[in-house]
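Chemist:
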Amino acid sequence: AQSVTQLDSHVSVSEGTPVLLRCNYSSSYSPSLFWYVQHPNKGLQLLLKYTSAATLVKGINGFEAEFKKSETSFHLTKPSAHMSDAAEYFCVVSHNTDKLIFGTGTRLQVFP
Amino acid sequence: DAGITQSPRHKVTETGTPVTLRCHQTENHRYMYWYRQDPGHGLRLIHYSYGVKDTDKGEVSDGYSVSRSKTEDFLLTLESATSSQTSVYFCAISEGRFMNTEAFFGQGTRLTVV
Chain A
42 AQSVTQLDSH
52 VSVSEGTPVL
62 LRCNYSSSYS
72 PSLFWYVQHP
82 NKGLQLLLKY
92 TSAATLVKGI
102 NGFEAEFKKS
112 ETSFHLTKPS
122 AHMSDAAEYF
132 CVVSHNTDKL
142 IFGTGTRLQV
152 FP
Chain B
17 DAGITQSPRH
27 KVTETGTPVT
37 LRCHQTENHR
47 YMYWYRQDPG
57 HGLRLIHYSY
67 GVKDTDKGEV
77 SDGYSVSRSK
87 TEDFLLTLES
97 ATSSQTSVYF
107 CAISEGRFMN
117 TEAFFGQGTR
127 LTVV
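In order, the protein sequences belong to chains A and B.
If you read the first sequence in my numbering, its first letter stands for residue 42, the second for the next number, and so on.
If you read the second sequence in my numbering, its first letter stands for residue 17, the second for the next number, and so on.
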């Protein structure tokens, strides 16, 4: 069975400092992995996706994530946080199925 | 932005009444999904459709039904609304399975059952 665990429900950083949002997955097969972002009262927007190509995936707005099979992880990082990055972030897994399995979300706060 | 429209965007209804939420797409994507979002749970799949008249259950389908009579429309019906169905509902669409594609989400419908 597929599942995804986001290790932190809340993360707080200062503007200009690095961001790390952690995600571990469980999947019996080679998974597809995604990070989505949701700004307050908005829908979800795709940040980046991994689908068995390069293990380091670059996304929009300076975010990137590294697929580590040995650690079953897909952590999201950004070198320097911006105030506009404050949002909720979802790690999502699928393995060539019709369905996406969502993590419970990590709320990122960015302080000036 | 992907052409997905959810209606209504906000609704307050009474316990025991039926409610229908509509998702309309202009992308001609094969797959359509209904999710609900609740604090501490992320998004959970209610039902999805892989073609006209082809639907299947998700993980939280009890108390919900769906219909898809046209490619562009996917309806979610709460047969008899309960307070536990107070939530934000998101429609999503995709071209196919998720190995090579992604899901696009609507803006959400906030439903309150009183």
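C-beta atoms are modelled at their ideal positions from N, C-alpha and C, and glycine is treated no differently.
Treat the numbers as computed from the prediction; the structure is a model and nothing was measured.
If distances are taken between C-alpha atoms only, which option among B:Tyr-64, B:Thr-29, B:Gly-74 and B:Phe-106 comes closest to Lys-83 of chain A?
Modeler: Translated into the one-based positions of the first sequence, residue 83 of chain A becomes position 42. The candidate whose alpha carbon is nearest that of Lys-83 of chain A is B:Phe-106.
Chemist: Verify whether the separation of the beta carbon atoms of Thr-42 of chain B and Val-68 of chain B is less than 7 Å.
Modeler: Here the question's residue 42 of chain B lines up with position 26 in the second sequence. Here the question's residue 68 of chain B lines up with position 52 in the second sequence. No, the Cβ-Cβ distance between Thr-42 of chain B and Val-68 of chain B is not below 7 Å.
Chemist: I need the boundaries of the beta strand (DSSP E) containing Glu-30 of chain B, first residue and last residue.
Modeler: Looking up residue 30 of chain B in the second sequence gives position 14. First-last for Glu-30 of chain B: undefined, no H or E at that position.
Chemist: For the stretch 53 to 107 of chain B, which segments carrying the beta strand (DSSP E) assignment without a break, of at least 3 residues, lie completely within its bounds, in sequence order?
Modeler: For the stretch 53 to 107 of chain B, whole beta strand (DSSP E) runs of length 3 or above, ordered along the chain, are 58 to 67, 70 to 73, 80 to 86 and 89 to 94.
Chemist: For the beta strand (DSSP E) containing His-123 of chain A, list its first residue and its last residue.
Modeler: Indexing the first sequence from 1 puts residue 123 of chain A at position 82. Premise fails: His-123 of chain A is in no beta strand (DSSP E) and is neither H nor E.
Chemist: Just to confirm, does Tyr-70 of chain A get its C-beta within under 6 Å of one of the non-hydrogen atoms of the ligand ATP?
Modeler: Absent from the structure shown: the ligand ATP. Ligands present: none.
Chemist: For Ala-42 of chain A, is the classification buried or exposed, using 16 other Cβ atoms within 10 angstroms of its Cβ as the cut-off for buried?
Modeler: Along the first sequence, read from residue 1 onward, the residue named residue 42 of chain A stands at position 1. With fewer than 16 Cβ atoms within 10 Å of its Cβ, Ala-42 of chain A is classed as exposed.
Chemist: How long is the line joining the alpha carbons of Leu-91 of chain B and Thr-58 of chain A, rounded to whole angstroms?
Modeler: Taking the second sequence and counting its residues from 1, the one referred to as residue 91 of chain B is at position 75. Taking the first sequence and counting its residues from 1, the one referred to as residue 58 of chain A is at position 17. Taking the straight line joining both Cα atoms gives about 44 Å.
Chemist: What are the uninterrupted segments assigned as beta strand (DSSP E) that are 3 or more residues long and contained completely in the stretch 64 to 145 of chain A, given in chain order?
Modeler: Counting whole runs of 3 or more residues, the stretch 64 to 145 of chain A contains the beta strand (DSSP E) stretches 64 to 67, 73 to 79, 85 to 91, 97 to 99, 105 to 109, 114 to 119 and 128 to 135.
Chemist: With the cut-off set at 7 Å, would you say Tyr-80 of chain B and Ile-62 of chain B are in Cβ contact?
Modeler: For this step, residue 80 of chain B is matched to residue 64 along the second sequence. For this step, residue 62 of chain B is matched to residue 46 along the second sequence. Against a cut-off of 7 Å, the Cβ pair of Ile-62 of chain B and Tyr-80 of chain B comes out as a contact.
Chemist: Report buried or exposed for Pro-72 of chain A, applying the criterion of at least 16 other Cβ atoms within 10 angstroms of its Cβ.
Modeler: Reading the first sequence from its first residue, position 31 is the one you call residue 72 of chain A. Counting Cβ neighbours within 10 Å, Pro-72 of chain A comes out buried, since at least 16 surround it.
Chemist: Based on DSSP bridge pairs, tell me the residues matched to Val-130 of chain B.
Modeler: What you label residue 130 of chain B is simply residue 114 of the second sequence in a count that begins at 1. Bridge partners of Val-130 of chain B: none, in fact.
Chemist: Between which two residues does the beta strand (DSSP E) containing Arg-46 of chain B stretch?
Modeler: To locate residue 46 of chain B, count along the second sequence from 1; it is residue 30. Looking at the DSSP string, Arg-46 of chain B is not in any beta strand (DSSP E), and its letter there is neither H nor E.
Chemist: In this structure, does DSSP put Arg-25 of chain B in helix, strand or coil?
Modeler: On the second sequence, residue 25 of chain B is found 9 positions in, with the first residue counted as 1. Correct three-state label for Arg-25 of chain B: coil.
Chemist: Of all the residues that make up the stretch 25 to 56 of chain B, which are near chain A by a beta-carbon distance shorter than 7 Å?
Modeler: Correct list: Tyr-47 and Gly-56.
Chemist: Using DSSP bridges, identify the partner residues of Arg-148 of chain A.
Modeler: Start at 1 with the first residue of the first sequence, and residue 148 of chain A comes out as number 107. A:His-51 and A:Glu-129, per the DSSP bridge assignment.
Chemist: For a cutoff of 7 Å on Cβ pairs, would you count Thr-96 of chain A as touching chain B?
Modeler: As a working note, residue 96 of chain A is residue 55 in the first sequence. No - not a single Cβ of chain B is within 7 Å of the one on Thr-96 of chain A.
Chemist: List, in order along the chain, the chain B residues whose C-beta lies closer than 7 Å to that of Thr-145 of chain A?
Modeler: On the first sequence, residue 145 of chain A is found 104 positions in, with the first residue counted as 1. Within 7 Å Cβ-Cβ: Gly-56, His-57 and Gly-58.
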